[in-house]
Every structure is written in structure tokens, then in C-alpha cells.
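Input: a single structure, listed below in C-alpha cells.
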Amino acid sequence: MYCLGVLTVASDIEVLARFGRALADPIRCRILLALHDAPAYPADLADALGVSRTRLSNHLACLRDCGLVVTLPDGRRTRYELADKRLGHALDDLRTAVVAVETDRTCVDADEKGCC
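The sequence shown begins at 1 in the UniProt record's numbering and counts up one residue at a time.
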């Protein structure tokens, strides 16, 4: 990673690893898909996803730290949306690219913790 002014530019590998970490949790995936459809407020997202506001807040913080979502002040509330519309396209591409999964097969490293 190198600095460019006050912004930090991550390498391609760091960007992909960060994206993978964000997608590794089903709740974060559901949040991203919900925000793909439309910007939302945390309370509305928590209700729609059936998770506590505290849990949702932790996941939103992770997604924010990964650079995948941004906050927009809206009066006394804060609205969340995808950081870039290209993320929505990437999510669509991933969904269609990985749509055919063989459920009876295991990963080569299935004994390894965190493997699929």
C-alpha cells in the first residue's frame, strides 16, 4: 500500500482480499445486496434483514472500513449506499458467474479452517 496525499492506494491484491473478507459473511452479503437495490437507513436494514441494530452496525462498520459502502448525512439520520455503482455491477457479475455450484463437492482444503 502506498500513500497519495492523504489517500492510501491499495494494491490489487489488497483490494481483492478486502472484498473477499467483506463477502465472507452472509449478513454482509445481504447488506450489500440490499444496498445494491437502493440506499437505506440502518434501522430499516436491520428490520429488513432480521438482525439487531448493534450487529448490523458492526457489519456496516466493516463494510465502510473495506471501502464498499459510504454514509450520507440526511438530517438527523445517516443513509448508507454502495461506495461506487460499479460495485453493484461487480456483485451482479459475481452472482451470475458463481450461480452453478456443485453442492456435493468439497474444497480441496476442506479440512482447513475457513475453507469453503
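Where a beta carbon is used, it is the ideal one built from N, C-alpha and C, also for glycine. Here the structure is a predicted model, which is why all the values come from computation and not from measurement.
Could you tell me the alpha carbon to alpha carbon distance between residue i and residue j, rounded to whole angstroms?
{"i": "leucine 16", "j": "glycine 75", "result": "34 Å"}
{"i": "alanine 38", "j": "serine 57", "result": "18 Å"}
{"i": "glutamate 14", "j": "alanine 24", "result": "15 Å"}
{"i": "cysteine 29", "j": "threonine 54", "result": "17 Å"}
{"i": "threonine 78", "j": "threonine 71", "result": "6 Å"}
{"i": "lysine 85", "j": "valine 98", "result": "20 Å"}
State the CB to CB distance for the pair residue i and residue j, rounded to an integer number of angstroms; the pair is presumed to be in contact (CB under 8 Å).
{"i": "glutamate 81", "j": "leucine 35", "result": "6 Å"}
{"i": "leucine 63", "j": "alanine 22", "result": "6 Å"}
Return the first residue and the last residue of the beta strand (DSSP E) that residue i is part of.
{"i": "proline 73", "result": "69–74"}
Return the first residue and the last residue of the alpha helix (DSSP H) that residue i is part of.
{"i": "proline 26", "result": "26–37"}
{"i": "serine 57", "result": "53–65"}
{"i": "glycine 50", "result": "Here glycine 50 belongs to no alpha helix (DSSP H), and DSSP marks it neither H nor E."}
{"i": "valine 15", "result": "12–23"}
Going by the DSSP bridge assignment, what does residue i pair with across the sheet?
{"i": "tyrosine 80", "result": "Ala40, Thr71"}
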